[in-house]
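Under the numbering used here, the first residue of the sequence shown carries the number 531, and numbering increases by one thereafter.
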Amino acid sequence: MTNQKEPTEGDLLRAELAALGRHAFPGEEGGVTFLIMAADPDAPDDEGSVYGVLHVLMYAGERADRPAADHRESWSAHLHDADGTYLATLVGSSPTPLDAAADAARCAREVTERLGRRRRGNFPPVARRFCTF
Numbered sequence: 531m532t533n534q535k536e537p538t539e540g541d542l543l544r545a546e547l548a549a550l551g552r553h554a555f556p557g558e559e560g561g562v563t564f565l566i567m568a569a570d571p572d573a574p575d576d577e578g579s580v581y582g583v584l585h586v587l588m589y590a591g592e593r594a595d596r597p598a599a600d601h602r603e604s605w606s607a608h609l610h611d612a613d614g615t616y617l618a619t620l621v622g623s624s625p626t627p628l629d630a631a632a633d634a635a636r637c638a639r640e641v642t643e644r645l646g647r648r649r650r651g652n653f654p655p656v657a658r659r660f661c662t663f
């Protein structure tokens with residue numbers, strides 16, 4: 531008999547992003563857990579490098595590591611420069627309650643679409659100089 535651990539909210543979003551060709555890493559600061567992903571899909575694919583490039587922080591409230599069954603706060607995604615300065619909100623919270631899987635799919639789709647537009651005009655002027663995609 532196998533005792534499988536229930537997936538977290540972050541596990542669901544990471545799987546959705548991976549299905550779209552993106553890689554996110556779990557992060558934590560000050561007791562808040564989140565996912566972090568390089569904005570440029572061609573950036574180095576390791577956790578240590580992601581913080582030093584234009585990146586996206588994704589939050590489900592303050593706990594991305596809670597069990598998916600406890601999903602109460604929808605995902606949001608925020609663009610930050612290489613120094614960690616907030617630049618823009620890419621994906622806001624869902625206006626209607628969604629279950630954890632649907633919300634993860636929504637956030638992954640929206641953040642990937644927003645980053646994939648490749649129109650530099652979609653980003654604030656301060657971010658344009660960091661965009662390489």
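Cβ coordinates follow ideal geometry from the N, Cα and C atoms, glycine included. If you're wondering where the values come from, they're calculated on a predicted model, not measured in any experiment.
Residue i, buried or exposed, once every other Cβ within 10 Å from all chains shown has been counted against 16
i    : result
Y616 : exposed
S579 : exposed
T626 : exposed
G540 : buried
T619 : exposed
G557 : buried
R647 : exposed
A548 : exposed
Sequence-distant residues of its chain with Cβ nearer than 6 Å to residue i (five each side left out)
i    : result
A568 : V580, V583, H585
D529 : The question about residue 529 has no answer, for the chain in this structure spans 531 to 663.
Chain-order list of residues whose beta-carbon lies under 7 Å from that of residue i (same chain, five-residue window excluded)
i    : result
A522 : Residue 522 cannot be examined here, being either before or after the span of the chain that is shown, 531 to 663.
For residue j and residue i, the rounded distance between their alpha carbons
i    : j    : result
A554 : I566 : 5 Å
E643 : D572 : 16 Å
H608 : V621 : 7 Å
Same chain, Cβ closer than 8 Å to residue i, neighbours up to 5 away in sequence not counted
i    : result
L543 : A554, L565, M588, A590, A594, W605, A634, C637, A638
Only counting runs of 3 or more residues, tell me where the beta strand (DSSP E) segments fall wholly within the region 546-604, in order along the chain. Complete beta strand (DSSP E) runs here, min 3: 555-559, 562-568, 585-590.
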